[in-house]
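S.K.:
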Amino acid sequence: MRKLFFPLLLFVSGLLSAQTEITLYVSPSGSDHHPGTAEKPMATLEYAWKKASRQAGRRSITIYCEGTNYLSAPILITNETSGTPEHPIRFSSYPGQKAVISGSRILRNLRWKEYKNGIMQAKVEEELIPDQLFVNGKKQISARYPNFDPNIRIFNGYAADACSPERVKNWSNPAGGYLHAMHSREWGGYQYSIEGKDAKGELILKGGFQNNRQMGMHHTYRMVENIFEELDAEGEWYFDKETHTLYFYPPRELDLQTALFEVPQAENLFILKGKPGSPVRHVSVDHLELTQTLRTFMKTNEPLLRSDWKIYRGGALIIENAEKCSVNGCYLHDIGGNAIFFSNYNRNHRVSQNHITRIGASAVCFVGSPDAVRSPLFEYGKSQTWEQMDKGTGPLTPDYPSDCLVDDNLIHSIGETEKQGAGIQLSMSARITIRNNSIYDLPRAGINVSEGTWGGHLIEGNDVFDTVLETGDHGSFNSWGRDRYWHPDRNVMDEFAKEHPQMVFRDATETTVIRNNRWRCDHGWDIDLDDGSSNYHIYNNLCLHGGLKLREGFARTVENNIMVNNTFHPHVWFANSQDIFRHNIVTTPYRPIQVKEWGKETDTNFFVTKQGLEQAQKRGTDLHSLYGDPLFIAPEKGDYRVKENSPALKTGFRNFDMEHFGVQCPHLKALAATPELPVFKIPEEKPETVQTYSWKGLTLKEVSTEGERSATGLDKIRGILVVQVEKGITALQANDVILRINGKPVDNRTDMETEIRKSPEGNKFRIIVFRNQKENAVTM
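Numbering (my numbering), first residue to last: 31 to 810.
1) Does DSSP classify Leu707 as helix, strand or coil?
2) What residues in its chain sit with their C-beta under 7 Å from that of Asp745, if we drop five residues either side in the sequence?
3) Rounded to a whole number of angstroms, what is the C-alpha to C-alpha distance between Lys80 and Leu286?
4) Where do the ends of the beta strand (DSSP E) carrying Glu589 lie?
5) Answer yes or no: do Trp510 and Asp561 have a C-beta to C-beta separation smaller than 8 Å?
6) Run the CB neighbour count on Gln721, radius 10 Å, all protein chains shown included, and call it buried at 16 or more, exposed below.
7) Among the residues of its own chain, which have a CB less than 6 Å from the CB of Asn806, if the five just before and after it don't count?
8) Figure out for me which residue from Asn351, Asn374 and Cys395 has the closest Cα to the Cα of Asn368.
9) For Pro333, name the three-state secondary structure that DSSP assigns.
10) If you count every other CB in all the chains shown that lies within 10 Å of the CB of Ser506, and 16 or more means buried, which is it?
11) At what residue ranges does the segment 51 to 131 contain a whole run of the alpha helix (DSSP H), taking only runs of 4 or more?
12) By a C-beta neighbour count over all protein chains shown, 10 Å radius and 16 as the cutoff for buried, is Phe35 buried or exposed?
13) Report all residues from its chain with a CB closer than 8 Å to the CB of Ile663; omit the five preceding and five following residues, and keep chain order.
14) According to the Cβ coordinates, are His317 and Lys128 closer than 8 Å?
15) When the distance is taken between beta carbons, is Asn614 closer than 8 Å to Val588?
16) If distances are taken between C-alpha atoms only, which option among Ile462, Val534 and Asn466 comes closest to Met419?
17) Compute the Euclidean distance between the alpha carbons of Lys236 and Gly476, then round it to the nearest angstrom.
18) Run through DSSP, which three-state label would Pro180 get?
19) Name the DSSP bridge partner or partners of Tyr175?
20) Looking only at its chain, what residues have a beta carbon closer than 7 Å to the beta carbon of Leu39, apart from the 5 residues adjacent to it on each side?
21) Which residue's Cα is closest to the Cα of Asp766: Gly749, Tyr124 and Arg779?
22) Give me, in chain order, the residues of the same chain whose beta-carbon lies closer than 7 Å to that of Leu46; leave out the 5 immediate sequence neighbours on both sides.
23) For Ala289, which residues from the same chain have a beta carbon less than 6 Å from its beta carbon, with the 5 sequence-adjacent residues on both sides left out?
24) Return the Cβ separation of Pro428 and Ser459 in integer angstroms, given the expectation that the two are a contact with Cβ distance under 8 Å.
25) Taking Cβ positions, are Ala393 and Gly453 nearer each other than 8 Å?
26) Can you find the residues in the same chain that come closer than 6 Å, C-beta to C-beta, to Ile107, ignoring five residues on each side of it along the sequence?
27) Candidates Val776, Asp496 and Trp603: which alpha carbon is nearest Asp524's?
28) Among the candidates Arg787, Val479 and Ala192, whose CA atom is the shortest distance from the CA of Trp339?
29) Return the chain-ordered list of same chain residues with a C-beta closer than 7 Å to the C-beta of Gly577, the five sequence neighbours on each side being excluded.
30) Short check: CB of Pro660 to CB of Gln641, under 8 Å?
31) Tell me, please, which residues DSSP counts as bridged to Gly505.
32) Write down every uninterrupted run of the beta strand (DSSP E) in the segment 212 to 239 whose length is 3 residues or greater and which is fully enclosed by it, in chain order.
33) So which of Met247, Val56 and His385 has the shortest CA-CA distance to Ser701?
34) What are the start and end residues of the beta strand (DSSP E) that includes Ala664?
35) Is DSSP giving Ala346 helix, strand or coil here?
36) Between Gly682 and the rest of its own chain, which residues show a CB-CB distance below 6 Å, the 5 nearest in sequence each way excluded?
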């Protein structure tokens, strides 16, 4: 009897398994009339999902794909077609393969003929969105001025005359073109669609809303694209929508007759969208190649509270009102907008071991709903009184991402179109873990936290470098904290901090931890906690170039970090900040700007020079700190642990791991770059020189450093900084920057003295000063 029982049990188990699982195969060589078996696969992923989704929640579903699958519409999973813990849903590739899911359409039946000057033309039969063109899988260049140059950092080429009247007059019909420009302060960028020309021959522009700090375009950093008359270089193309003609300047080695021409037509490839109280659950997208979606920069118009960001809630994968979903082992590339976007309510997701590159905007975004925020404000200059504020703690609703994990991903070459992007972006979220990611080659921050709502994030083991490549005044890590308590006026904030010290924790409810990361930013700070960033614990970080900045904010504990060839940059600290800076190794002297009070503790640090220690002690800090050679073990190999006899150990500094930064997955680690290691230098000690001078009861100095530019919010290094004001002078304040006198620019001391000499004795001076990041007119 026992001999019959076990075979029968196995047969019944297999039968039950077959009844509870659906496995379908999809191949371009198949047919949607097939049953979807490995031998007879279906032809389209859309049809396979349509068939399988009828059993969602009742049977486990796995859909395997092979080859290149061009979607006619995104795969939509709703709460009605959701997985369950017992019956999950999985989209993947045939075992051992990497199937392609593309948002493009193939252009067929192109009959090429010569146009002129090496340019070819062909009629396109079907209607299409002419956003991007790929030839044999490589993105081509929309006809542009100036021409694309891979060696130019900003826009791969820029020109002040990109939209000048002299250039515009050569364009017969520029409608459909785009103007890309950097922010005047280099805080991201703007995009405009060109609607045509007016009666005066000037461009009619629409857009410029992509940045939440509206200060206009940069005068020099500009580029136009999709202009027919600018089609003059190999690899450039233009599509005439009126005549349905594709113009293309092919590279010499390209065979037009055999080349594959693809044009993205879809924004999204997968949409997981539940409803409040009824989320999508247990869906995984793994080991797929996701590519070629539309750019979305003309939809980036939603402000993320009072941060510098605006966002578009879209992506190749868009996930909203969902739980316990995952994106694993995928290759996402040539995505026009965001790659992966978690919007509003999301819980317990995982994004792991993906390779994400050549992305138009951001790689991974977690963005909650402003409806979950108490007393939200949406622009830097807006503020509210104590009486107007909601006094409650934490979120109002559950409509935000929390308890998600982003780990072991290779993220690089992103922000190709939108310059206010990030490798990983957090806004109105809680308890997001960002672990062991390699993030590099991007125009702004590698990791960005837009505000304090609601903290609790863990950022550890990441390798972030080659950041802020096209913008300025930023860091490899950047954050803001312009939460409901925050006010742009320093004096107002000082009083508020004394009266309501706990208010900061009503939004930044949990401590965000930044630990055991390696950072390098050559165009800003390695770690930049900007306006209002509060409730952070930062320790065991290796900062290779830009040092660490704390601006404004409260309750930041910074300890046991190493700042190679740089230092600590405290900017504009509030009264009663409760900040702690201890047990850190700094190479150069501190660089404080507008710091009246030094927080709760600044002590027991290790300086590389005696001068750095003495300067700090003159300010009343670091009474128990030491200086000397830290005795790094092997800095030339990236090992900045200190030797057993290092004097740094006497300050409380402790060694930390130097071998596990960035991706750990073997195949991604083999692909990942690592940062250039600096040559550690013990700086030459020089006398501290701050060149100040006096005028009419004012102590003044030229704005001369990027730190002063950042602290004041200037567009560039220029102007005269007011260091100190004698009693009785009311027109000017300490930390004002004089920009103009009697209508004339004052960029330096010589300019100022020239304008003073021009004015008759006894006349009043009409002065434009920069105060609280805006211009003010005063008379003195």
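Just so it is clear, CB atoms sit at the ideal spot from N, CA and C, and this is done for glycine as well.
M.R.: Considering the structure as presented:
1) Numbered from 1 along the sequence shown, position 677 holds the residue referred to as residue 707. Leu707: coil per DSSP, three-state reduction.
2) By 1-based counting over the sequence shown, the position of residue 745 is 715. Contacts found: Ser214 and Arg215.
3) Translated into positions along the sequence shown, residue 80 becomes position 50. Translated into positions along the sequence shown, residue 286 becomes position 256. If I take the Cα positions, the gap works out to 37 Å.
4) Walking along the sequence shown from the start, residue 589 turns up at place 559. Its beta strand (DSSP E) spans residues Arg586 to Glu589.
5) Within the sequence shown, numbered from 1, the residue matching residue 510 stands at position 480. Within the sequence shown, numbered from 1, the residue matching residue 561 stands at position 531. It is a contact, given that the beta carbons lie within the stated cut-off.
6) Start at 1 with the first residue of the sequence shown, and residue 721 comes out as number 691. By the 10 Å Cβ count, Gln721 comes out exposed.
7) The residue you call residue 806 lines up with position 776 of the sequence shown. Within the same chain, Asn806 has close Cβ partners Val799.
8) The count along the sequence shown starts at 1 and reaches residue 368 at position 338. Nearest C-alpha to Asn368: Cys395.
9) Position 303 of the sequence shown, counting from 1, holds the residue named residue 333. It is a strand residue.
10) By one-based count along the sequence shown, residue 506 stands at place 476. The residue in question, Ser506, is buried, as its Cβ has 16 or more Cβ neighbours within 10 Å.
11) 75 to 82
12) Your numbering for residue 35 matches position 5 in the sequence shown. Any reading at Phe35 needs caution, since the residue's pLDDT is 44, under 50, leaving its predicted position unreliable; the model's value is listed next. Burial call: exposed.
13) As a first step, residue 663 is located in the sequence shown; it is residue number 633 there, counting from the start. For Ile663, where only same-chain residues beyond five positions count, the Cβ hits under 8 Å are Asp669, Tyr670, Arg671, Val672 and Lys673.
14) As a working mapping, residue 317 is identified with position 287 in the sequence shown. As a working mapping, residue 128 is identified with position 98 in the sequence shown. Yes; because the gap between Cβ atoms is below 8 Å, this pair is in contact.
15) What you label residue 588 is simply residue 558 of the sequence shown in a count that begins at 1. What you label residue 614 is simply residue 584 of the sequence shown in a count that begins at 1. Yes, Cβ-Cβ distance for Val588 and Asn614 is below 8 Å.
16) The count along the sequence shown starts at 1 and reaches residue 419 at position 389. Nearest C-alpha to Met419: Val534.
17) What you label residue 236 is simply residue 206 of the sequence shown in a count that begins at 1. What you label residue 476 is simply residue 446 of the sequence shown in a count that begins at 1. Distance between the alpha carbons of Lys236 and Gly476: 30 Å.
18) Residue mapping note: residue 180 aligns to position 150 of the sequence shown, counting from 1. Looking at Pro180 - three-state DSSP - the assignment turns out to be coil, as it is neither helix nor strand.
19) Taking the first residue of the sequence shown as 1, we reach residue 175 at position 145. Per DSSP, Val254.
20) One-based indexing of the sequence shown puts residue 39 at position 9. Here the model assigns Leu39 a pLDDT of 37, short of 50, so the residue's position is not dependable and the matter cannot be decided.
21) Counting from one through the sequence shown, the residue named residue 766 turns up at place 736. Residue Gly749 is the option with its Cα nearest to Asp766.
22) By 1-based counting over the sequence shown, the position of residue 46 is 16. Per-residue confidence for Leu46 stands at a pLDDT of 39, beneath the threshold of 50, marking its modelled position as unreliable; no derived number is given.
23) Working through the sequence shown from its first residue, we reach residue 289 at position 259. These residues qualify, in order along the chain: Val165 and Asn166.
24) Counting from 1 along the sequence shown, the entry for residue 428 is found at position 398. Counting from 1 along the sequence shown, the entry for residue 459 is found at position 429. No, Pro428 and Ser459 are not in contact; Cβ-Cβ is about 12 Å, not under 8 Å.
25) Numbered from 1 along the sequence shown, position 363 holds the residue referred to as residue 393. Numbered from 1 along the sequence shown, position 423 holds the residue referred to as residue 453. Yes, they are a contact pair.
26) Locating residue 107 in the sequence shown gives position 77, counting from the first residue. Cβ neighbours of Ile107 beyond the five flanking positions: Leu302, Val310 and Val313.
27) Locating residue 524 in the sequence shown gives position 494, where the first residue counts as 1. Taking only the C-alpha atoms, the option nearest Asp524 is Trp603.
28) As a first step, residue 339 is located in the sequence shown; it is residue number 309 there, counting from the start. Looking at the Cα atoms, Val479 is the closest of the given residues.
29) Counting from 1 along the sequence shown, the entry for residue 577 is found at position 547. Cβ within range, chain order: Trp555, Asp556, Met593, Asn596, Thr597, Phe598 and His599.
30) The residue labelled residue 660 in the question sits at position 630 within the sequence shown. The residue labelled residue 641 in the question sits at position 611 within the sequence shown. Cβ atoms of Pro660 and Gln641: not closer than 8 Å.
31) Counting from one through the sequence shown, the residue named residue 505 turns up at place 475. Gly505 is bridged to Trp555.
32) 219 to 227 and 233 to 237
33) In the sequence shown, the residue the question calls residue 701 occupies position 671. Per the sequence shown, residue 701 should be read as Leu rather than Ser. The option with the nearest alpha carbon to Leu701 is His385.
34) As a position in the sequence shown, residue 664 is number 634, starting the count at 1. It spans Phe662 to Ala664 - the beta strand (DSSP E) in which Ala664 sits, taken as one unbroken run.
35) Numbered from 1 along the sequence shown, position 316 holds the residue referred to as residue 346. Correct three-state label for Ala346: coil.
36) On the sequence shown, residue 682 is found 652 positions in, with the first residue counted as 1. Hits under 6 Å: His613 and Thr634.
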